[in-house]
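There are 4 protein chains.
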Amino acid sequence: MDKKEKIVQASIEVFKEKGIEKTKISDIVQKAEIAQGTFYLYFPSKLSVMPAIAEQIVQRFIQKIKANVSPEARLSEQLSRMVDAIFQVTDEFRDVSVLVYAGFSTTENMSGWEKIYAPLYEWVASLLEMNMQRGLVRGSIDPARTARLVLGLVESAAEQVFLYDLYDARNEAEQKAEPLTMLEHALRP
Amino acid sequence: MDKKEKIVQASIEVFKEKGIEKTKISDIVQKAEIAQGTFYLYFPSKLSVMPAIAEQIVQRFIQKIKANVSPEARLSEQLSRMVDAIFQVTDEFRDVSVLVYAGFSTTENMSGWEKIYAPLYEWVASLLEMNMQRGLVRGSIDPARTARLVLGLVESAAEQVFLYDLYDARNEAEQKAEPLTMLEHALRP
Amino acid sequence: MDKKEKIVQASIEVFKEKGIEKTKISDIVQKAEIAQGTFYLYFPSKLSVMPAIAEQIVQRFIQKIKANVSPEARLSEQLSRMVDAIFQVTDEFRDVSVLVYAGFSTTENMSGWEKIYAPLYEWVASLLEMNMQRGLVRGSIDPARTARLVLGLVESAAEQVFLYDLYDARNEAEQKAEPLTMLEHALRP
Amino acid sequence: MDKKEKIVQASIEVFKEKGIEKTKISDIVQKAEIAQGTFYLYFPSKLSVMPAIAEQIVQRFIQKIKANVSPEARLSEQLSRMVDAIFQVTDEFRDVSVLVYAGFSTTENMSGWEKIYAPLYEWVASLLEMNMQRGLVRGSIDPARTARLVLGLVESAAEQVFLYDLYDARNEAEQKAEPLTMLEHALRP
DNA sequence: AATGAATGAGAATTCATTCAT
DNA sequence: CATGAATGAATTCTCATTCAT
Chain A
1 MDKKEKIVQA SIEVFKEKGI EKTKISDIVQ KAEIAQGTFY LYFPSKLSVM PAIAEQIVQR
61 FIQKIKANVS PEARLSEQLS RMVDAIFQVT DEFRDVSVLV YAGFSTTENM SGWEKIYAPL
121 YEWVASLLEM NMQRGLVRGS IDPARTARLV LGLVESAAEQ VFLYDLYDAR NEAEQKAEPL
181 TMLEHALRP
Chain B
1001 MDKKEKIVQA SIEVFKEKGI EKTKISDIVQ KAEIAQGTFY LYFPSKLSVM PAIAEQIVQR
1061 FIQKIKANVS PEARLSEQLS RMVDAIFQVT DEFRDVSVLV YAGFSTTENM SGWEKIYAPL
1121 YEWVASLLEM NMQRGLVRGS IDPARTARLV LGLVESAAEQ VFLYDLYDAR NEAEQKAEPL
1181 TMLEHALRP
Chain C
2001 MDKKEKIVQA SIEVFKEKGI EKTKISDIVQ KAEIAQGTFY LYFPSKLSVM PAIAEQIVQR
2061 FIQKIKANVS PEARLSEQLS RMVDAIFQVT DEFRDVSVLV YAGFSTTENM SGWEKIYAPL
2121 YEWVASLLEM NMQRGLVRGS IDPARTARLV LGLVESAAEQ VFLYDLYDAR NEAEQKAEPL
2181 TMLEHALRP
Chain D
3001 MDKKEKIVQA SIEVFKEKGI EKTKISDIVQ KAEIAQGTFY LYFPSKLSVM PAIAEQIVQR
3061 FIQKIKANVS PEARLSEQLS RMVDAIFQVT DEFRDVSVLV YAGFSTTENM SGWEKIYAPL
3121 YEWVASLLEM NMQRGLVRGS IDPARTARLV LGLVESAAEQ VFLYDLYDAR NEAEQKAEPL
3181 TMLEHALRP
């Protein structure tokens, strides 16, 4: 693994442990097992690592969803798989995603985040469009807007499970069922 | 206004202006017009002010919603007013809310946030229940869980408008319409 | 107990717990259960409490010694009782005495300490003189100087037992026997 | 000289000048000609420098004593030289030694001090043993315990001279003679 | 006399950043 | 490229002291 990647990985881990505010460059380099000065060879500041992290998270989302959602499957099957994927990745990156999200809002204009999220939005939008054409989703929706809402809904459901101290396995199953039913009702013609 | 409240107010203002990372305690005390040491009489650190801010935001949500949503109104009217209220408060606290949320995940266990949000969740849950009894919301939902999803959905829609650089007034209207329609479809029997 | 006395008592306790350097006025007033401002009604500073403490310690020494050492007893008996008394008081005030001693050296000229210790020195000196007249102590000593040496010797022996982590009861007995024998040899004609 | 050593040296000097209580880290770094932050690279606080200072003092004691006390010399000669050495070093480190001693009792457990003093105790113990074998010291003493007493006696005599305001040269000579005589009487068979 | 919240000067501490090796 | 000791400006934090009640 090259040093740049090491830094990104280490940053994710340290951000998880201590939060962004409390993370020092020295924490990152220590975890990455590189020298203090080396950090600056790749990133100008702590916060500039974030886009790299964000990209990783989103790529993970897309990868998981693409791998599990078959274009041929029934709508309910597709939605179910998508919810599963989002729950999985949210779990995987727990607190970091919130932190990165907040980190963005602290530093740059949020459009950076927007840009990174774009491929995911687009993928969901095209999923909706496809199902509109199949007649399984009502024609009155705006696919682009709705894609964001769908993701917002499912992610907030996932955060309920993983970010708060509510977690237990049974809970997770029920926590998935509810938004799924909502989505089906919300989207059907 | 007592000093503690002054600190919270000043913190909100300064956090809005400069973001959390860049805010110094000295900025807060200056805005609050108190001595440096006085801050530490009430809060041990910058981040520990956040729960107090969070509480304010949530109280604002509840206040706005209660003031605008009439128990007698039609469901669509109620939902519409609720969405309006959430958009308004999200606008009012723009960046701060995300920061506070992220700040929480850093300092305490997230269940603190959960606890602060509880009254809002409960209010929406009881709105749903009432409408279930009126036969306007399908009986298969779990009011408590669904309340969270409803709020998650609307908040993420509101964030789309205010946190990113997309804002324009027309946009806002459409951005409200979409989740509203989704909600109506999702909840109707 | 009046407030002044309360302050002295509380100071002793807090100094024992935290040492002088780390003790805050606020620690003292808290322990003394008085208000912050009240402290300044009786003492101008933290260090100005010390002479009062020192006096207490020395008075305790004198009191113990006088109570236990009979002028009629044999020399070895007298010495033995004196050693017992010094060990007891050293135990009672453990670290404080060192701290007070050091505190003196920090602030004022050490002659303050000297002055407070004077009655104790004098008492031991007169004990020696008496025994010189009885022919039990060699005539070549200077009673004043030797009194100091005797006390220095016994106190350092006592500190060995109580200040370091060596303490056990058997140890204490042996630790007393050794300086006692030394004293007897050193003083006998 | 490396930075750590520089800090210890500077601390000794500044403590001598101003006392511990009044010494600021900034005084130390200024005297040491290093940056403020560099101090914290080596020591976490002002008080944590003390063990290092203590070590220096004890090493100085050992060095002086070894250099002056010849194993072949007569006992009284040896004792006399030892007393001279102890008086010299006590003079050299005047106030500091008491402060360090007190500082120790504040920061760590006193056994740290014990450990640092160990080599000195051992040296004196072996001196006593040697003289026991030569038949010049009575066989009934415990060399280890007695070594501590001997040092306690001489040090307290030295402190009498240097720490209090009694000093004058004639005084010093007499102040040495007294414990010396005591020692000779105390130790002889 | 007693209180204790408020003060703010001053000291401790941090940590991003540099740069000689 | 890589290092990591050193830096010192910037900030946090402490705590003796005051003073209106």
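Keeping their order, the protein sequence lines are chains A, B, C and D.
Per the numbering used here, residue 1 is the first one in the first sequence, and the count goes up by one each step.
Per the numbering used here, residue 1001 is the first one in the second sequence, and the count goes up by one each step.
Per the numbering used here, residue 2001 is the first one in the third sequence, and the count goes up by one each step.
Per the numbering used here, residue 3001 is the first one in the fourth sequence, and the count goes up by one each step.
Think of the CB as a built atom: it goes at the ideal place given N, C-alpha and C, for glycine as much as any other residue.
Q | Proximal residues to ALA3144 of chain D (C-beta, below 6 Å), its chain only, five neighbours per side dropped | A | Indexing the fourth sequence from 1 puts residue 3144 of chain D at position 144. If the five residues before and after ALA3144 of chain D are omitted, its C-beta is found closer than 6 Å to the C-beta atoms of ALA3125, all from its own chain and listed in chain order.
Q) According to the Cβ coordinates, are ALA1054 of chain B and TYR1101 of chain B closer than 9 Å? A) For the purposes of this step, residue 1054 of chain B is identified with residue 54 of the second sequence, where counting begins at 1. For the purposes of this step, residue 1101 of chain B is identified with residue 101 of the second sequence, where counting begins at 1. Contact annotation: ALA1054 of chain B and TYR1101 of chain B have beta-carbon atoms nearer than 9 Å.
**Q.** Start-to-end residues for the alpha helix (DSSP H) that takes in LEU2151 of chain C
**A.** Within the third sequence, residue 2151 of chain C is the residue found at index 151, counting from 1. 2143 to 2162 is the span of the alpha helix (DSSP H), which, as asked, contains LEU2151 of chain C.
Q | Nonlocal neighbours in the same chain, by C-beta distance under 8 Å from ASN3097 of chain D, ignoring five residues either side | A | Residue numbering aside, residue 3097 of chain D sits at position 97 when the fourth sequence is read from its first letter. In the sequence under discussion, the amino acid at residue 3097 of chain D is Ser, which differs from the Asn named in the question. Excluding sequence neighbours, SER3097 of chain D sits near ILE3057 and THR3090.
(Q) I'd like to know whether the C-beta of VAL98 of chain A is nearer than 9 Å to at least one C-beta of chain B. (A) Sequence index remark: in the first sequence, residue 98 of chain A carries index 98 (1-based). So yes, VAL98 of chain A belongs to the interface.
Q. Distance, Cα to Cα, PRO2119 of chain C vs ILE2062 of chain C?
A. By one-based count along the third sequence, residue 2119 of chain C stands at place 119. By one-based count along the third sequence, residue 2062 of chain C stands at place 62. Cα to Cα, PRO2119 of chain C sits roughly 8 Å from ILE2062 of chain C.
**Q.** Stretch pair the segment 36 to 48 of chain A + the segment 3 to 14 of chain A: three plus CB contacts closer than 8 Å
**A.** Yes, the segment 36 to 48 of chain A is in contact with the segment 3 to 14 of chain A.
Q) How is ARG1188 of chain B classed by DSSP in three states: helix, strand or coil? A) As a position in the second sequence, residue 1188 of chain B is number 188, starting the count at 1. For ARG1188 of chain B, the secondary structure class from DSSP, reduced to helix, strand or coil, is coil.
Q: Mark GLU1178 of chain B as exposed unless 16 or more other C-beta atoms lie within 10 angstroms of its C-beta, in which case mark it buried.
A: The sequence position of residue 1178 of chain B within the second sequence is 178, counting from 1. Around the beta carbon of GLU1178 of chain B, 16 or more other beta carbons sit within 10 angstroms, so the residue counts as buried.
**Q.** Collapsed DSSP secondary structure at GLY2135 of chain C in the structure displayed
**A.** Counted from its first residue, the third sequence places residue 2135 of chain C at position 135. Collapsing the DSSP output to three states places GLY2135 of chain C in coil.
Q: Look up PRO3071 of chain D in the DSSP assignment and say whether it is helix, strand or coil.
A: Position 71 of the fourth sequence, counting from 1, holds the residue named residue 3071 of chain D. DSSP places PRO3071 of chain D in coil when its eight states are reduced to three.
Q.
Counting C-beta neighbours from all protein chains within 10 Å, is the total for GLY37 of chain A 16 or more, i.e. buried, or is it exposed?
A. Here the question's residue 37 of chain A lines up with position 37 in the first sequence. Under this definition GLY37 of chain A is an exposed residue.
Q. Any beta-carbon of chain D closer than 9 Å to the one on GLU2127 of chain C?
A. Residue numbering aside, residue 2127 of chain C sits at position 127 when the third sequence is read from its first letter. Note that residue 2127 of chain C corresponds to Leu in the displayed sequence, not to Glu. Output row for LEU2127 of chain C: interface = no.
**Q.** Reduced DSSP category for ILE2086 of chain C - H, G, I as helix; E, B as strand; rest coil
**A.** Translated into positions along the third sequence, residue 2086 of chain C becomes position 86. In the structure shown, ILE2086 of chain C sits in a helix (DSSP, three-state: H, G or I).
(Q) Using 9 Å as the threshold, is the C-beta distance between MET182 of chain A and LEU1149 of chain B below it? (A) Position 182 of the first sequence, counting from 1, holds the residue named residue 182 of chain A. Position 149 of the second sequence, counting from 1, holds the residue named residue 1149 of chain B. Yes, the pair counts as a contact, with Cβ atoms nearer than the cut-off.
Q. Cβ of LEU1187 of chain B less than 9 Å from any chain A Cβ?
A. In the second sequence, counting from the first residue as 1, residue 1187 of chain B sits at position 187. For LEU1187 of chain B, at least one C-beta of chain A is nearer than 9 Å to its own C-beta.
Q) Out of B:GLU1092, B:MET1132, B:ASP1095 and B:ILE1086, which has the shortest C-alpha to C-alpha gap to ARG1188 of chain B? A) Counting from one through the second sequence, the residue named residue 1188 of chain B turns up at place 188. That would be B:MET1132, whose Cα lies nearest to the Cα of ARG1188 of chain B.
Q) What are the boundary residues of the alpha helix (DSSP H) that includes THR3023 of chain D? A) One-based indexing of the fourth sequence puts residue 3023 of chain D at position 23. Taken as a continuous stretch (DSSP letters only), THR3023 of chain D belongs to no alpha helix (DSSP H), as it is neither H nor E.
Q: Report the neighbours of SER3076 of chain D on chain C: residues whose CB is nearer than 7 Å to its CB, in chain order.
A: Stepping through the fourth sequence from its first residue, residue 3076 of chain D is reached at position 76. Here the premise fails: no neighbours, minimum Cβ distance about 14 Å.
Q | Inter-residue spacing [alpha-carbon to alpha-carbon] between VAL2154 of chain C and PHE2093 of chain C | A | Here residue 2154 of chain C corresponds to residue number 154 of the third sequence, with the count starting at 1. Here residue 2093 of chain C corresponds to residue number 93 of the third sequence, with the count starting at 1. Computed Cα separation, rounded: 15 Å.
Q. Can you list, in chain order, the residues of its chain whose CB lies under 7 Å from that of GLN111 of chain A, leaving out five sequence neighbours each side?
A. Reading the first sequence from its first residue, position 111 is the one you call residue 111 of chain A. It should be pointed out that residue 111 of chain A corresponds to Ser in this sequence rather than to Gln. Beyond the five residues adjoining it in sequence on each side, SER111 of chain A comes within less than 7 Å, by CB distance, of no other residue in the same chain.
(Q) So for ALA35 of chain A, helix, strand or coil by DSSP? (A) Stepping through the first sequence from its first residue, residue 35 of chain A is reached at position 35. Coil, per DSSP.
Q) Is the distance from the Cβ of LEU47 of chain A to the Cβ of GLU1129 of chain B below 9 Å? A) Against the first sequence, residue 47 of chain A aligns to sequence position 47. Against the second sequence, residue 1129 of chain B aligns to sequence position 129. At a Cβ-Cβ threshold of 9 Å, LEU47 of chain A and GLU1129 of chain B do not count as neighbours.
Q | Euclidean distance between Cα positions of SER140 of chain A and ASP1084 of chain B | A | Against the first sequence, residue 140 of chain A aligns to sequence position 140. Against the second sequence, residue 1084 of chain B aligns to sequence position 84. Distance between SER140 of chain A and ASP1084 of chain B, taken at the CA atoms: about 22 Å.
Q.
If I follow the unbroken alpha helix (DSSP H) through SER1045 of chain B, where does it start and stop?
A. Along the second sequence, one-based indexing puts residue 1045 of chain B at 45. Here SER1045 of chain B belongs to no alpha helix (DSSP H), and DSSP marks it neither H nor E.
Q) Candidates D:ASP3142, D:ARG3134 and D:GLU3172: which alpha carbon is nearest GLU3072 of chain D's? A) In the fourth sequence, residue 3072 of chain D corresponds to position 72, counting from 1. Of the candidates D:ASP3142, D:ARG3134 and D:GLU3172, D:ARG3134 places its Cα closest to the Cα of GLU3072 of chain D.
Q. Is GLN3030 of chain D buried or exposed, if buried means 16 or more other CB atoms sit within 10 Å of its CB?
A. Residue mapping note: residue 3030 of chain D aligns to position 30 of the fourth sequence, counting from 1. It counts as exposed.
Q) Between ALA32 of chain A and GLU1172 of chain B, what straight-line distance do the alpha-carbon atoms span, to the nearest angstrom? A) Locating residue 32 of chain A in the first sequence gives position 32, where the first residue counts as 1. Locating residue 1172 of chain B in the second sequence gives position 172, where the first residue counts as 1. Their backbone Cα atoms lie some 44 Å apart in a straight line.
Q: Using 10 angstroms around the beta-carbon of LYS1018 of chain B, count the other beta-carbons present and answer buried if the total reaches 16, otherwise exposed.
A: Residue numbering aside, residue 1018 of chain B sits at position 18 when the second sequence is read from its first letter. That one is exposed.
Q) So which residues on chain B does GLN160 of chain A lean against when the C-beta distance must stay under 7 Å? A) On the first sequence, residue 160 of chain A is found 160 positions in, with the first residue counted as 1. Within 7 Å Cβ-Cβ: ARG1148.
Q | Proximity test, Cβ basis, 9 Å: ASP3168 of chain D and chain C | A | Position 168 of the fourth sequence, counted from the start, is the residue given in the question as residue 3168 of chain D. Output row for ASP3168 of chain D: interface = no.
**Q.** Cβ distance (whole Å) where GLN1078 of chain B is taken to contact LEU1151 of chain B below 8 Å
**A.** Here residue 1078 of chain B refers to the residue found at position 78 when the second sequence is read from its first residue. Here residue 1151 of chain B refers to the residue found at position 151 when the second sequence is read from its first residue. Between LEU1151 of chain B and GLN1078 of chain B the Cβ distance is about 14 Å, and since that is not below 8 Å, they are no contact.
Q) So the alpha helix (DSSP H) VAL3008 of chain D belongs to, where does it begin and stop? A) Reading the fourth sequence from its first residue, position 8 is the one you call residue 3008 of chain D. Boundaries of the alpha helix (DSSP H) around VAL3008 of chain D: 3003 to 3018.
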